[in-house]
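First comes the structure, then the notes that go with it.
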Amino acid sequence: MNSTDEFRVVSWNVEHNGISNSGDDAKWHLAMDVLVELQPHVLLRQEITRGDMFGGRAIWAEAARLGGNGPAHTGLVSE
Numbered sequence: 001m002n003s004t005d006e007f008r009v010v011s012w013n014v015e016h017n018g019i020s021n022s023g024d025d026a027k028w029h030l031a032m033d034v035l036v037e038l039q040p041h042v043l044l045r046q047e048i049t050r051g052d053m054f055g056g057r058a059i060w061a062e063a064a065r066l067g068g069n070g071p072a073h074t075g076l077v078s079e
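Numbering follows our numbering, in which position 73 of the sequence shown is assigned residue number 73; successive positions increment by one, without gaps.
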């Protein structure tokens, strides 16, 4: 199988989205480093605690860090 035949799906759960109660995001950055190495085509996330803070900034930052266009659906922002 060559790289053009691969399709990577990653299901990922980072406790409290990697952001501590004090706002420390070191675990988030570590998680992003791992995900960048995995290069998923599809990323499924659970427990995105605090992901809705500041207008969902963490979700959009995650998409940008992974080279994506943004979340398809987060359920975080009411329209």
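Cβ coordinates follow ideal geometry from the N, Cα and C atoms, glycine included.
Spatial distance of residue i from residue j (CA atoms)
i: Glu62; j: Asn21; result: 19 angstroms
i: Gly18; j: Ala31; result: 7 angstroms
i: Ser11; j: Leu35; result: 10 angstroms
i: Thr49; j: His41; result: 23 angstroms
i: Trp28; j: Gly68; result: 17 angstroms
i: Glu37; j: Val9; result: 13 angstroms
i: Glu79; j: Gln46; result: Residue placement at Glu79 is poorly supported in this model, since its pLDDT is 42, which falls under 50; the coordinates still yield a value, given next. Looking at the two C-alpha atoms, the distance is approximately 21 angstroms.
Option in the options with minimal Cα separation from residue i
i: Arg16; options: Val34, Ala26, Asp5 and Leu66; result: Arg is not the amino acid found at residue 16; the sequence shown has His there. For the residues Val34, Ala26, Asp5 and Leu66, the minimum Cα distance to His16 belongs to Ala26.
i: Asp33; options: Arg57, Asp5 and Val14; result: Val14
i: Phe7; options: Asp24, Trp60, His29 and Gln39; result: Gln39
i: Leu43; options: Gly23, Ala64 and Arg57; result: Ala64
DSSP beta-bridge partners of residue i
i: Trp12; result: Arg45
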